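First up is the structure itself, then whatever we jot down about it.
Residue numbers (the numbering used here): 207 to 488.
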């Protein structure tokens, strides 16, 4: 099994933005896309096991983690294009990948699959919804509205990053201890850096653009196998319902004893469920 210390870190400028990424293992490419307020580090407990069978690629998305924070480009079609350019750079441009997206990584993964259908053999999405799909449900979260306001959230949260982000890690969890102090410190380090807060909030500010793009993509439903997972203490069946609206081959599950942070709350379950799904999709 690959050890945490054996993960390879890289940085490359693609699609006009410098991305940080982590790779591990050898085998068919498996791409893991994180969400907010996290980084590639949310996959730390599952990468070693997955790397036994796959070449795992976990980037920090634009504006997040240790990737660069550009002024624009936070609509998920563009973020997906970053990922596509990264895979080209890593030599996987012609490969059919397995793709996983959590939180804002979910609509990014959907945008990737919709734009590069022949290059995705299977898609797994966790704990989010798709803007513009079942749209009446999507703005009920208070922080979605707050983060969408221009400039104000940065000014109110700056200097209080740990206090603010701790609320999400604890409130969104079935077991708040699942995200330990070391993980929280790593996430806060990234979101406290210059531009870190703004990069995260820009994902919310692209909501309306994402909604328009998703409605256009949905005109041609995805045909690759899709696994949609929602935490029993969080989004529950919303990922399943949204993916059923845009794809033809969806299996879903509400994950017991999990909130929003499934890869950290239930890492062994997640590895087993994902690898079984990918084996069936082969």
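We put the beta carbon where it would ideally sit given N, CA and C, even for glycine. None of the values given here were measured: they were computed from a predicted structure.
The Cβ atoms of residue 289 and residue 318 sit closer than 7 angstroms to each other. Within the model, the alpha-carbon separation for residue 321 versus residue 406 is close to 23 angstroms. Cβ atoms of residue 340 and residue 447 come within 8 angstroms of each other, at about 6 angstroms.
Counting along the chain, residue 350 sits inside the alpha helix (DSSP H) bounded by residues 348-354. Put simply, the backbone Cα of residue 356 is about 44 angstroms away from that of residue 488. Of all C-beta pairs linking the stretch 414-427 to the stretch 264-276, fewer than three are shorter than 8 angstroms, placing the two stretches out of contact. If the five residues before and after residue 281 are omitted, its C-beta is found closer than 7 angstroms to the C-beta atoms of 412, 415, 416 and 419, all from its own chain and listed in chain order.
Close CB contacts of residue 468 within its chain, under the 7 angstroms cut and outside five residues either way in sequence, are with 332, 333, 435, 437, 461 and 476 (chain order).
When DSSP reads this structure, residue 265 sits in a beta bridge with 227. Residue 440 counts as buried, since at least 16 other C-beta atoms from the protein chains shown sit within 10 angstroms of its C-beta. Just so you know, the alpha carbons of residue 380 and residue 371 end up roughly 16 angstroms apart.
Boundaries for residue 463: no alpha helix (DSSP H) harbours it, and the DSSP string shows neither H nor E there.
Within the same chain, 287, 288 and 291 come within 6 angstroms of residue 221 by CB-CB distance, once the 5 residues on both sides are set aside. Comparing alpha carbon positions, the residue from 303, 225, 295 and 252 closest to residue 267 is 225. Between residue 347 and the set 378, 244, 326 and 362, the nearest pair of CA atoms involves 378. When the five nearest sequence neighbours on each side are left out, the beta carbons in the same chain lying within less than 8 angstroms of the beta carbon of residue 363 are those of 370 and 403, in order along the chain. For residue 303, the enclosing beta strand (DSSP E) begins and ends at 303-308.
Only residues of its own chain outside the window of five on either side were considered, and among them 238 and 330 have a CB closer than 6 angstroms to the CB of residue 306, listed in chain order. DSSP places residue 480 inside the alpha helix (DSSP H), whose first and last residues are 473-487. Here the alpha carbon of residue 455 sits roughly 13 angstroms from the alpha carbon of residue 484.
Residue 397 is not a Cβ neighbour of residue 265, given a cutoff of 7 angstroms.
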